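K.L.:
First the structure, then my questions, so here it is.
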Amino acid sequence: MATLEELAQAVVDGDETQVVELTKSLLGSGVNPQDIINKGLMAGIEKVGELFQKNEMFVPEVLMSAEALKAGMELVLKETQQGVEVTSKGTVVMGTVEGDLHDIGKNLVCMMLESNGFKVYDLGVDVKPEKFVEAAKQYNADIVGMSALLTTTMVNMKSTIDALAAAGMRDKVKVIVGGAPITQKFADEIGADGYAPDAAGAVDLCRRLAG
Amino acid sequence: MDYKPVRTFNELAIKSLDDFVYGVAPNPVKAKNGMVIGGGTVYPEVNMTLPPMKIDESTISEVYRQYSEMIEGILKRAKELYAPGIIVEVELLPETTMKPEWGFEIVKILLDKMREYQDKYGLKSLLRCTPNDVREMIRPPFMRRGEMLESMIATFEKCAEYGADILSIESTGGKELHDEALVNCDIRKAIFALGVLGVRDMRFLWSKIVEIAQKTGSIAGGDTACGFANTALALAEQGMIPRVFAAVDRVAVVPRSLTAFEMGATGPDKDCGYEGPYMKAIAGVPISMEGKTAACAHLSAMGNIAACVCDMWSNESVQNIKLLSAPAPVAYTEQLIYDCRLMNEAAADGREYALKMRDWLARSDAKLDPQAYVLRPDIVLEISKELVKEKDPFIATKKAAALAVDVIKRGMEKGEVMVLPREKRWLDIISSQIEKIPDDEEKFWHELQKELDLTKWRPEEYDLEVTAAK
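Respectively, the protein sequence lines represent chains A and B. Residue 126 in the numbering used here sits at position 124 of the first sequence; the count goes up by one each step and never skips. Residue 433 in the numbering used here sits at position 432 of the second sequence; the count goes up by one each step and never skips.
Right, dumping it as C-alpha cells:
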C-alpha cells in the first residue's frame, strides 16, 4: 500500500505520474483526503521549499514539484468533491516599479511564491504607485512586493509606500522590496517591512510576514 | 519585409589558435580620430551610470551634472596614467532613450569633454552610445512599430549625428520567450527564442542601425546577448538554474549575436556579450569584453578567461558613488588601464608572450566552471568551425547548443572542467530536449505554439503566423 511519505517524496522528485498514482492509491485505500493533502502533498512541497532555500534545488525542479502537487490536489478535490480545505498562505500583489522593465527576478519570485502556496497577483512591469494601491485594495493583499533593477527606478519604491499610506492602507499590508541595487538599509530607509536578496529569501520573508 | 544579411560567414576568420589572441583582430576598426581597435593595442572601455536618483524634469539638470562629473574624472585619470586612448560607453537609461533630447544632451556633454581632452592633452577617446531597448516597456512589446521604437531610433540618430563614435544596443527581441525558457530550463524554447525570434528581430533592428551609422559616419559596433545568456549567468550564480544550462545557453546565443555582423556591423562588439570570442573567431571583428573588472556590476565565473582575446577591456557599468580613492567610475578607469597595460606590455615582447598571457588567463578559470570552459580559445575555435558550416541561423542555434553539451561532457570525462554532481543529469536532460527539436523551423513553430503563452508576445512582430489551434 502507498504511504503518505512516498507521496511527499514524489512531490519532492517532481514526479507527476507517481504523485497521481500514489494519490489514487491512497484515496482508494480510504485514507482521509485531508491527510493526503496535509501529510502527503503539502508535506512534500514544504520540503521542496526547504531544499530550495538551502540552494539544493533549482527553480525548474521546484516548478516540476509544484506541477506534481497541483495534479495531486486536483485529483483529491475531484474525487472528494467537497469538504477538503486548502488554505492559501497569503495574498501577494507583486510588480516591477514605475520606469523599470526588468522582470525576470520578479517573475521568479512570483513563481516560487505560488509554488509555496501563496496567491499571487502579478501586475507586470512599469507599475505606477496608484496601480499597486488599487490592486492591494482589490485583492485584499497581505503583502505588496516591489522589484527594481536600476538605480534610477529604485527611488520609486518610496513613492509606492507613500501612496499606500496616503490611501490609508499602510497598516493593512506588509511591503517587501528586492532587486540588484536594493539593500536592507535602503529598505529600512524607505520604510519597507522587509527585503530579500533572492527568490528563496522572498519566499521565506513572505512566510514570516504573512504568518 | 525581409531583412536580408549583407554578408555571411562560411569559414573562420581566425584559422589558427596562435592567431587568436587579445589586441589583434583580423578586421580591425579604424575610428575617425585615428584610433584602431584590434590593431595591436588593448584599450580600456569604461562604462558608468547614475547613483540612486529619479530621472524626470525636476532632476534632469542634476543628471547632466552627474555625467559631467563622471567624464571629467575619467578623462583626468586616463590622462594621469598615460592611457594610450580610452573608450567611454554610455548606456542610456529608459528615460534618457524615451526622450531623445535628454539622451542627446548627455552624449553632447560627454563628447564635448572628450574633444577638449584630445585638443588640450592629446588624449584620444571614443564614445560608444548604447540606447536602451525601450520597446519592451510596453507589454507585449511592439518590435517593429510604435512610439518606443521611434524614440529609440531617434536617439540613435541624434547621438550619431553629434559624433557618437560607436553605436551599440542590447536588443531584446525574443526575450519575452527566452525568460520563460530560462526559469524552466527549457532549451527548446530558448533555441526558438534565440535562433528564430532573436535573429529576425536583430535583422530588422541592425538594418536600421547600420543605415544610421553609414549616414553619419559612426561605427556600427555590435549587439550582445545580455538579456539572454547574461540573465542565465545571473540565475546560475544565484543557484536558480544549473551552470551547465547557462553554459549551453551562452553558446546557443552565438548565431543570434552574429546577426549584427551579418547585417553590416563591424565591431567593436559590445562588452557584456561574453560570447564575443565567437564573434571574433567567426567574423574577425574586434571585441570588447568584461570580466573581473565587472565585479562592480555582477558576479561571473569568467573573470580572467574573458580577457583572453579581447581588444577592449571593460567594467560593464559602475554607479557614480564615492569610494575612498575617488568616485567609482574613476577608480574603475584606473583598474582597466592597469589591466590593459599588462596585456599590452606582454604582447610588446612578442606573440609568444601574449599567447602565454592568454593561456594563463584561460587556464585560471576554464576548469572551474562550464561557463568559463566554453570560452576557452581552443574550444571557441572548435565550436565555431562547426557553426560556420550551417547557413540557417535556427539550425546553427540548435547545433551550437548540442555542441556545447558534447564539449562539456567530453571536458568532464577528461577532467578538464568541474561540474557539480547535481548538475550532471541536466546535461542529459538538455541533450534529450535538443534531440526532440525538428530541423524544419516551420514545423518546430507549429509544434511549439501550442505550448506558448501567446498573450505575452506578438508573433506578427517576428513575421510569424499562428497556425496551430490550442
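Ideal Cβ placement from N, Cα and C applies to all residues, glycine included. This structure is a prediction, so every number in the text was calculated from the model and none was measured.
Tell me whether the beta-carbon of Thr50(B) lies closer than 9 Å to the beta-carbon of Gln320(B).
P.N.:
In contact: Thr50(B) and Gln320(B) (Cβ atoms closer than 9 Å).
K.L.:
Counting only C-beta atoms, is Glu58(A) closer than 9 Å to chain B at any point?
P.N.:
It does: the Cβ of Glu58(A) has a partner Cβ on chain B nearer than 9 Å.
K.L.:
Return no unless some Cβ of chain B is closer than 9 Å to the Cβ of Met96(A).
P.N.:
No, because no Cβ of chain B sits closer than 9 Å to the Cβ of Met96(A).
K.L.:
So if DSSP puts Gln320(B) in a beta bridge, which residue, or which two residues, is it bridged to?
P.N.:
BP columns for Gln320(B) point to Thr50(B).
K.L.:
Among the candidates Asp102(A), Phe54(A), Ala45(A), Ala70(A), whose CA atom is the shortest distance from the CA of Val22(A)?
P.N.:
Selected option, being the one with the closest Cα: Ala70(A).
K.L.:
Got a sec: is the Cβ-Cβ distance from Thr19(A) to anything in chain B below 9 Å?
P.N.:
For Thr19(A), the answer is no, since every Cβ of chain B falls outside 9 Å of its Cβ.
K.L.:
Listed in chain order, which residues of the segment 181 to 214 of chain B have Cβ atoms closer than 9 Å to some Cβ of chain A?
P.N.:
Correct list: Glu181, Leu183, Val184, Asn185, Cys186, Asp187.
K.L.:
With 16 as the cutoff for other CB atoms within 10 Å, does Trp314(B) come out buried or exposed?
P.N.:
It counts as buried.
K.L.:
Quick check on the DSSP output: the beta strand (DSSP E) that includes Gly74(B) runs from which residue to which?
P.N.:
No beta strand (DSSP E) holds Gly74(B); the alpha helix (DSSP H) holding it covers 61 to 81.
K.L.:
Does the beta carbon of Val420(B) come closer than 9 Å to any beta carbon on chain A?
P.N.:
For Val420(B), the answer is no, since every Cβ of chain A falls outside 9 Å of its Cβ.
K.L.:
Decide if the segment 441 to 453 of chain B is in contact with the segment 203 to 220 of chain B; the criterion is three or more beta carbon pairs, one per stretch, under 8 Å apart.
P.N.:
Result no; under three Cβ-Cβ pairs closer than 8 Å.
K.L.:
Distance check for Ile72(B) and Tyr65(B), CA to CA, integer angstroms please.
P.N.:
Distance between the alpha carbons of Tyr65(B) and Ile72(B) is about 11 Å.
K.L.:
Mind checking if Leu51(B) is an interface residue toward chain A, Cβ cutoff 9 Å exclusive?
P.N.:
So yes, Leu51(B) belongs to the interface.
K.L.:
Give the secondary structure of Asp379(B) by DSSP, where H, G and I count as helix, E and B as strand, and everything else as coil.
P.N.:
Residue state, collapsed to three classes: helix.
K.L.:
Output needed for Lys293(B): all residues of its chain with C-beta closer than 7 Å, excluding positions within five of it in sequence on either side, in chain order.
P.N.:
Here the set comprises Gly304, Asn305.
K.L.:
Taking contact to mean at least 3 C-beta pairs separated by less than 8 Å, is the segment 218 to 225 of chain B in contact with the segment 352 to 370 of chain B?
P.N.:
No contact exists between the segment 218 to 225 of chain B and the segment 352 to 370 of chain B.
K.L.:
Could you tell me whether the segment 6 to 17 of chain B touches the segment 203 to 213 of chain A, using the rule of 3 or more Cβ pairs below 8 Å?
P.N.:
Taking 8 Å as the limit for Cβ pairs, the verdict is that the segment 203 to 213 of chain A does not touch the segment 6 to 17 of chain B.
K.L.:
In chain B, what lies closer than 8 Å to Ile106(A) by C-beta?
P.N.:
Ordered by position in chain B, the residues that pass the 8 Å Cβ test against Ile106(A) are Asp180, Leu183, Val184, Thr232, Leu236.
K.L.:
Per DSSP, which residues does Ile87(B) bridge with? Please list them.
P.N.:
Ser126(B), per the DSSP bridge assignment.
K.L.:
Quick check on Gly240(B) - is its C-beta less than 9 Å from some C-beta in chain A?
P.N.:
Judged by the 9 Å Cβ criterion, Gly240(B) is in contact with chain A.
K.L.:
If you draw a straight line from the alpha carbon of Ala32(B) to that of Lys125(B), how long is it in whole angstroms?
P.N.:
Distance between the alpha carbons of Ala32(B) and Lys125(B) is about 10 Å.
K.L.:
Which partner residues of Met96(A) appear in the DSSP bridge assignment?
P.N.:
According to DSSP, Met96(A) bridges with Asp124(A), Gly147(A).
K.L.:
Terminal residues of the continuous alpha helix (DSSP H) containing Ala202(A)?
P.N.:
Per DSSP, Ala202(A) belongs to the alpha helix (DSSP H) from 201 to 212.
K.L.:
Relative to the C-alpha of Lys41(A), which residue among Asn118(A), Lys56(A), Glu7(A), Ser27(A) is closest?
P.N.:
Checking every option, the nearest Cα to that of Lys41(A) belongs to Glu7(A).
K.L.:
Just verifying my parser: in three-state terms, what is the DSSP assignment at Gly416(B)?
P.N.:
Here Gly416(B) sits in coil by DSSP.
K.L.:
Shorter than 9 Å from the beta carbon of Asp128(A) to some beta carbon of chain B?
P.N.:
At least one chain B Cβ lies under 9 Å of Asp128(A).
K.L.:
Using beta-carbon positions only, say whether Gly218(B) and Lys159(B) come within less than 9 Å of one another.
P.N.:
No, the pair does not count as a contact, with Cβ atoms beyond the cut-off.
K.L.:
For the beta strand (DSSP E) that Glu291(B) lies in, which residues bound it at each end?
P.N.:
289 to 291 is the extent of the beta strand (DSSP E) around Glu291(B).
K.L.:
Alpha carbon to alpha carbon, what distance is there between Asp164(A) and Thr98(A)?
P.N.:
Whole-angstrom Cα-Cα distance: 16 Å.
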